[in-house]
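Each residue of the sequence shown is one higher than the one before, counting from 2 in this note's numbering.
Cβ coordinates follow ideal geometry from the N, Cα and C atoms, glycine included.
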Amino acid sequence: MSAVLLALVISAARILDGRGHVIRNAAVVVDGSKIVRIDPHPSHIDIDLGDRTLMPGAIDTHVHIGWHFDKNGRSNDDGGGETPDEYAMFAAENAFATLMGGVTTVQSLGAPIDKTIRDFAARKNLPLPRVLTAVDPIYDNKLTPEQIREKVRTIAAEGADVVKIFASQSIRSGCAAPCTRTVRRARGGQCSPDAHRSSTARCSISRRSTSSQNMEHSSILISILFFVTILRTRRISWESAITPRRDSHRWRRPCRKP
Numbered sequence: 002m003s004a005v006l007l008a009l010v011i012s013a014a015r016i017l018d019g020r021g022h023v024i025r026n027a028a029v030v031v032d033g034s035k036i037v038r039i040d041p042h043p044s045h046i047d048i049d050l051g052d053r054t055l056m057p058g059a060i061d062t063h064v065h066i067g068w069h070f071d072k073n074g075r076s077n078d079d080g081g082g083e084t085p086d087e088y089a090m091f092a093a094e095n096a097f098a099t100l101m102g103g104v105t106t107v108q109s110l111g112a113p114i115d116k117t118i119r120d121f122a123a124r125k126n127l128p129l130p131r132v133l134t135a136v137d138p139i140y141d142n143k144l145t146p147e148q149i150r151e152k153v154r155t156i157a158a159e160g161a162d163v164v165k166i167f168a169s170q171s172i173r174s175g176c177a178a179p180c181t182r183t184v185r186r187a188r189g190g191q192c193s194p195d196a197h198r199s200s201t202a203r204c205s206i207s208r209r210s211t212s213s214q215n216m217e218h219s220s221i222l223i224s225i226l227f228f229v230t231i232l233r234t235r236r237i238s239w240e241s242a243i244t245p246r247r248d249s250h251r252w253r254r255p256c257r258k259p
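This is the structure we're talking about:
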């Protein structure tokens, strides 16, 4: 049987090719788990999506795949009060829901449970998204550069795909002074801080020569427009995380009236 006959042809009124183009009234040809091509004039159609829009799988660069609402509908970020089996199933449930929402790759930042979900996703026996994980974020801003290096090596040995370093503590824990400069020196000029407060963001982007490449958790900053403008100038990626916590309003600073 030819490869053409084995391929799955899916047509739609609009196809987003992932490169900024919209292709109308065409089809996507899928061979196994790979998109082979976009066919503007398919000879046959296996699945017709009608007037719907077909797009590539999304990539979410900041999730906590194990953070869930428990059986009582309460937020649970570490499996506390649950058995390990329950915690793992809640995490898998989250991962499945993520995939069904069209997100095919996530970066989970991070907890040990991430590794379990990542490894089972890689087995491809369950419908789960591809997972990248930081495993265990670095919180302590009193670490010396050498201690940070050792911590990074430990996390890498534990199977981390990425390293997450808090450049400052969150407003939930007192807003300690940022450690961005220490992190930059320790990582040899490569820094991706979590900006839990405005001073951290200022430290991260204050110099044109800054080595920060992306910034997380900056959704709590006051002057968003100012920071977005500066970040674009400095070519720093801004990944504004939105928390699912029901009590998150307690930690946000009140909005200033114009």
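Handout entry: Pairwise C-alpha distance: Glu94 and Ser167
Key = Per the sequence shown, residue 167 should be read as Phe rather than Ser. Computed Cα separation, rounded: 28 angstroms.
Problem - Nearest-angstrom Cβ-Cβ length linking Val164 and Val153, presumed shorter than 8 angstroms - result: Right, the Cβ-Cβ distance comes to about 5 angstroms (below 8 angstroms), so this counts as a contact.
Problem - Exposed unless 16 or more other CB atoms sit within 10 angstroms - verdict on Asp79 - result: The residue is exposed, with fewer than 16 neighbouring Cβ atoms inside 10 Å.
Problem - DSSP state of Ile156 mapped onto helix, strand, coil - result: helix
Handout entry: 8 angstroms CB neighbourhood of Thr117 in its chain, flanking five on each side removed
Key = Ala89 and Ala92
Handout entry: Nearest-angstrom Cα separation, counted from Leu133 out to Gly102
Key = 18 angstroms
Exercise for the section: With distances taken Cα to Cα, identify the nearest neighbour of Val30 among Ile149, Arg20 and Ile16. Expected result: Considering only alpha carbons, the answer is Ile16.
Exercise for the section: With a 10 Å radius around its C-beta and 16 neighbouring C-beta atoms as the bar for buried, classify Thr99 as buried or exposed. Expected result: Label assigned to Thr99: buried.
Handout entry: Rounded C-alpha distance that separates Gln148 from Tyr140
Key = 12 angstroms
Practice task
Out of Ala158, His22 and Val64, point me to the one whose CA is closest to Thr105's CA.
Solution key: Val64
Handout entry: Nearest candidate by alpha-carbon position, reference Arg131, set Ala96, Leu110 and Gly74
Key = Ala96
Problem - Own chain residues within Cβ distance below 6 angstroms of Asp71, not counting five before or after - result: Cβ neighbours of Asp71 within its own chain (closer than 6 angstroms, five residues either side excluded): Asn77.
Practice task
Reducing DSSP to helix, strand and coil, say where Ile46 ends up.
Solution key: In this structure, Ile46 counts as coil in the three-state DSSP scheme.
Handout entry: From Pro43, Gly67 and Gly74, residue whose alpha carbon lies closest to that of Pro85
Key = Gly67
Handout entry: Residue from Gly81, Ile48 and Ile46 whose Cα sits closest to the Cα of His69
Key = Gly81
Exercise for the section: Let me know if Arg119 comes out buried or exposed under the rule of 16 or more other beta-carbons within 10 Å of its beta-carbon. Expected result: buried
Exercise for the section: Tell whether a beta-carbon distance below 8 angstroms holds between Asp18 and Ala28. Expected result: no
Exercise for the section: Starting from the N-terminal side, write out each stretch of the beta strand (DSSP E) that is 3 residues or longer and does not extend beyond the region 81 to 143. Expected result: 104 to 109 and 131 to 134
Exercise for the section: List the endpoints of the continuous beta strand (DSSP E) containing Asn26. Expected result: First-last of the beta strand (DSSP E) with Asn26: Val23 to Asp32.
Exercise for the section: Go ahead and label Leu7 buried or exposed: buried means 16 or more other beta carbons lie within 10 angstroms of its beta carbon, across all protein chains shown. Expected result: exposed
Problem - Exposure label - Ala123; buried when at least 16 CB within 10 Å - result: exposed
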